[in-house]
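Protein chains in written order, with our numbering: chain D, 105 to 364; chain P, 30 to 384; chain S, 11 to 93. One structure below.
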Amino acid sequence: MTDKKMVEALIFSKPESLTDVPTHYCPGCTHGVAHRLIAETIDEMGMRENTVGVAPVGCSVFAYNYFNMDFAEAAHGRAPAMATGFKRVNPDMNVFTYQGDGDLASIGAAEILHAAGRGEMITVIFINNAIYGMTGGQMAPTTLPGQKTTSSPLGRDIESHGFPLKMCEILSQLDGSAYIVRRSLHDPANIRKAKKAIRQAFEVQRQGLGFSMVELLSNCPTNWKMTAEDSLEWIEENMIPYFPLGDFKVHPAIAKSKKG
Amino acid sequence: MAKELLKGNVAFAEAAVRAGCEAYYGYPITPQTEALEHMAKRMPELGRVFLQAESEVAAINMVYGAACAGVRVMSSSSSPGVSLMMEGLSYIAGSEVPVVLVDIMRGGPGLGNIAPSQGDYNQIVKGGGHGDYRIITLAPATIQEIIDLTYEAFDIAEKYRAIVVILADGSIGQMMEPAELPPMQEVRKREDRAEWSLTGAKGRDPRVITSIYIDPAEEEVFNLHLVEKQKKIEANEVRFSSLLLEDAEIAIVAYGTAGRIAQSSVKQARDEGIKVGLLRPISLYPFPYDEIGKVADQVKRILVVEMSGGQMLDDVRLAVNGKVPVDFYGRMGGMVPLPDEVFEQIQELNQKANA
Amino acid sequence: MAKGRIVVNEDLCKGCELCISVCPPGVIKMAADRFTPQGYHPAELVDPDEECTGCAICSIICPDAAITVFRWVPADKIKSTAP
Chain D
105 MTDKKMVEAL IFSKPESLTD VPTHYCPGCT HGVAHRLIAE TIDEMGMREN TVGVAPVGCS
165 VFAYNYFNMD FAEAAHGRAP AMATGFKRVN PDMNVFTYQG DGDLASIGAA EILHAAGRGE
225 MITVIFINNA IYGMTGGQMA PTTLPGQKTT SSPLGRDIES HGFPLKMCEI LSQLDGSAYI
285 VRRSLHDPAN IRKAKKAIRQ AFEVQRQGLG FSMVELLSNC PTNWKMTAED SLEWIEENMI
345 PYFPLGDFKV HPAIAKSKKG
Chain P
30 MAKELLKGNV AFAEAAVRAG CEAYYGYPIT PQTEALEHMA KRMPELGRVF LQAESEVAAI
90 NMVYGAACAG VRVMSSSSSP GVSLMMEGLS YIAGSEVPVV LVDIMRGGPG LGNIAPSQGD
150 YNQIVKGGGH GDYRIITLAP ATIQEIIDLT YEAFDIAEKY RAIVVILADG SIGQMMEPAE
210 LPPMQEVRKR EDRAEWSLTG AKGRDPRVIT SIYIDPAEEE VFNLHLVEKQ KKIEANEVRF
270 SSLLLEDAEI AIVAYGTAGR IAQSSVKQAR DEGIKVGLLR PISLYPFPYD EIGKVADQVK
330 RILVVEMSGG QMLDDVRLAV NGKVPVDFYG RMGGMVPLPD EVFEQIQELN QKANA
Chain S
11 MAKGRIVVNE DLCKGCELCI SVCPPGVIKM AADRFTPQGY HPAELVDPDE ECTGCAICSI
71 ICPDAAITVF RWVPADKIKS TAP
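This is the structure in structure tokens:
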């Protein structure tokens with residue numbers, strides 16, 4: 105047993121679906137984690153050459169520089185409409201949008217709602233970090249009550265600004281949605297779960313079951329004004345209690361395959 | 030093919046189908062809704078894509094998405110709906126994907142009404158969205174012309190990787206006339222899609238369609254590229270029709286429905302012995318500046334007739350460049366001028382011209 | 011115990027320290043003696059006692075896909091070998 109030949113194996117390296125371009129994201133920003141999970145999943149499913157991504161407006165506006173696949177850049181919030189237009193003329197292609205909370209839940213609220221309602225065969229990766237990152241830390245539709253931002257300097261006051269939107273809870277109510285889940289990127293175990301969910305979402309699309317969305321609770325160390333490590337703790341302590349993780353809708357065909 | 034009695038909205042929609050339009054995304058709005066309804070029936074019949082969007086905002090972005098795929102795609106709408114599309118049109122212009130849009134104008138501003146108007150000349154011809162771009166704008170005056178221009182619009186859009194808008198008013202959308210439809214073209218085969226289109230990065234480097242150039246120097250290079258393209262468009266795509274201009278002392282410049290009405294008035298005035306002719310711009314961008322300039326060398330006065338407060342008027346003045354006086358007659362708010370009204374204007378001008 | 015090692019791509023590393031925060035044996039440190047091309051101190055493996063197991067947790071949390079992980083495994087269980 106002891107003289108069994110050992111060799112050094114490659115356990116982890118950058119997926120083919122990512123380019124070698126260094127990202128412009130701030131140090132510790134989980135956008136990079138989300139990008140990598142999508143890329144790994146597309147690699148594992150062998151879909152890189154048949155995938156088109158739609159990038160949003162926000163911090164991830166340049167996502168197409170980092171994904172090694174065809175990409176289109178949408179207007180702010182319109183990615184689901186653009187992806188719809190594309191997918192309808194390419195029903196056999198894998199089409200996904202990558203959207204932040206301002207893009208998806210605020211300016212693009214109508215587009216995401218109707219794409220889900222129509223059961224559009226697209227996959228949406230929704231990055232929720234409770235703030236507008238690119239413009240420098242303003243209040244988002246998902247900013248927590250009491251959370252300080254540059255446009256809610258005393259903390260989000262629900263009396264005047266209302267409550268955060270819980271998009272998984274909303275979209276899972278629509279008959280067109282087939283897979284709506286919320287995961288978090290705050291630690292390795294949850295990152296693994298997030299990847300499994302992304303895989304399921306792309307499977308839902310591949311099988312033509314309906315609209316799929318994975319919401320990923322994410323950080324913004326820069327605009328939250330804390331270290332990367334602290335920002336992950338902040339997700340766990342503050343975001344998860346308000347945006348509970350879980351499966352809000354899972355199409356029976358996928359639920360079955362998950363068990364089996 | 031024989032002529033048939035066709036309603037404008039149905040006629041241009043069917044012309045688009047026959048031009049090989051593979052996808053239509055739209056939203057109901059009077060007075061263009063019959064086009065959407067025609068597509069709702071026709072496109073699925075042919076195995077093509079019809080989708081009623083949740084708004085014009087979504088519709089134009091669906092068009093944008095499909096255009097990125099390299100297929101022939103269009104939308105149609107009317108003034109308030111087209112206002113909602115301005116964001117998308119700017120992005121489409123900035124991404125250089127070919128798109129055809131038909132705008133059946135109605136009275137405005139605001140909710141206005143559903144009657145014919147030419148109040149959106151500036152919005153389309155001068156660019157209602159943000160940034161430096163131009164839209165190739167074609168203005169039909171008859172049902173036959175809206176058929177022919179829509180059919181050709183897809184070729185023009187693809188030739189320049191640009192937006193072509195067919196700019197007509199509610200009367201052209203709603204009226205019926207005998208006209209002949211063009212032959213049916215099949216949709217483009219997937220392997221024939223353009224070399225810039227998003228088809229999946231198989232055996233090639235990934236392609237990106239975007240309108241962002243974060244470095245101002247790069248954005249300027251792109252802007253200059255658009256300017257160069259505009260020069261080609263301006264050199265190649267000017268269209269107009271002229272009537273009885275050879276010996277004219279007075280020229281009318283009017284487009285679309287106003288041009289068609291002016292045609293009757295010109296004939297009426299000719300019967301009275303007044304030497305009047307008509308220049309009807311068909312392309313509003315590129316605008317027939319040179320041709321109108323030449324007319325200005327010959328006539329004593331020019332009358333611009335529009336169903337607006339005077340929007341194309343500015344372009345005519347630029348073309349005339351002060352050579353002769355330019356007068357204006359306009360009706361607004363969905364009111365359409367009668368030939369007699371324009372005839373009276375001609376009579377007045379004739380007196381001034383020969384005073 | 012299986013032995014492993016990591017290689018940090020300093021073109022990609024932004025010195026966010028998340029890998030350090032999750033490394034079970036605590037064998038990743040910040041290299042205070044140098045900067046990456048982007049101007050950050052990079053993370054590096056400092057493992058004199060060969061404690062790295064190649065568990066790849068650092069690479070899972072790394073937002074920049076900057077960490078390549080190798081592990082010594084039996085030859086008959088190999089998928090892809092180190093270059």
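Virtual Cβ for every residue (Gly too), placed ideally from N, Cα, C.
- Listed by position along chain D, the residues whose Cβ is nearer than 8 Å to that of G49/S form an empty set, because the closest Cβ is around 10 Å away.
- Under the three-state reduction of DSSP, W225/P is assigned to coil, being neither helix nor strand.
- At least one C-beta of chain D is nearer than 7 Å to the C-beta of L227/P.
- Note that the segment 141–152 of chain D does not touch the segment 236–253 of chain D; fewer than 3 beta-carbon pairs, one per stretch, sit closer than 8 Å.
- Separation of I192/P and P315/P (C-alpha to C-alpha, rounded to the nearest whole angstrom) is 13 Å.
- A direct Cα-Cα distance of roughly 25 Å separates E248/P from G204/D.
- Annotated as distal: D326/P and K304/P, with beta-carbon spacing of 7 Å or more.
- Counting only the Cα atoms, K155/P lies some 27 Å from V328/P.
- H67/P is positioned such that its CB atom lies no closer than 7 Å to that of A88/P.
- Across the set Q340/P, V349/P, L75/P and R190/P, the C-alpha of Q340/P shows the shortest separation from the C-alpha of R360/P.
- Annotation for I77/S: the continuous beta strand (DSSP E) segment containing it runs I77 to P84.
- Per DSSP, E54/S is one residue of the beta strand (DSSP E) stretching across A53 to L55.
- At least one CB of chain D lies nearer than 7 Å to the CB of Y120/P.
- According to DSSP, I375/P shares a beta bridge with no other residue.
- In this structure F267/D is exposed. Its beta-carbon is surrounded by fewer than 16 other beta-carbon atoms within 10 angstroms.
- Taken through DSSP and simplified to helix, strand or coil, V154/P comes out as helix.
- As the crow flies, the alpha-carbon of Y50/S is around 59 Å from that of A197/P.
- Flagged as an interface residue toward chain S: S117/D, by a C-beta distance shorter than 7 Å.
- Per DSSP, the continuous beta strand (DSSP E) segment holding F230/D begins and ends at T227 to N232.
- For K108/D, the neighbours in chain S by C-beta distance under 9 Å run, in chain order, P84, A85 and D86.
- Under DSSP, L289/D shares a beta bridge with no residue.
- Taking the C-beta atoms as reference points, V156/D is found nearer than 7 Å to M197/D.
- Counting other Cβ atoms within 10 Å of its Cβ, I262/D stays below 16 and is therefore classed as exposed.
- The beta carbon of I238/P sits closer than 6 Å to the beta carbons of C97 and S124 from its chain, once the five residues preceding and following it are set aside; these are given in chain order.
- In this structure, A48/P and T166/P do not form a Cβ contact; the two beta carbons are roughly 18 Å apart against a cut-off of 8 Å.
- Only residues of its own chain outside the window of five on either side were considered, and among them A234, I235, T253, S256, R260 and P268 have a CB closer than 7 Å to the CB of T247/D, listed in chain order.
- Contact check for G37/P against I121/P fails: the beta carbons are separated by 7 Å or more.
- A Cβ-Cβ distance of about 12 Å is found for the pair V18/S and F116/D, leaving them out of contact under the 8 Å criterion.
- Assigned with DSSP and collapsed to three states, F357/P falls in strand.
- For K260/P, the uninterrupted alpha helix (DSSP H) segment begins and ends at P245 to N265.
- Among the CB atoms of chain S, none fall inside 7 Å of the CB of L349/D.
- By the criterion of at least three beta-carbon pairs nearer than 8 Å, the segment 213–229 of chain P is not in contact with the segment 273–288 of chain P.
- Here the C-alpha atom of E51/P lies approximately 50 Å from the C-alpha atom of T46/S.
- Residues of chain S with a Cβ closer than 8 Å to the Cβ of I295/D are, in chain order, I70 and I71.
- A straight line joining the alpha-carbon of K261/P with that of R309/P spans about 22 Å.
- Taken in chain order, the unbroken stretches of beta strand (DSSP E) that lie wholly in the segment 115–201 of chain D and span 3 residues or more are 155–159 and 174–177.
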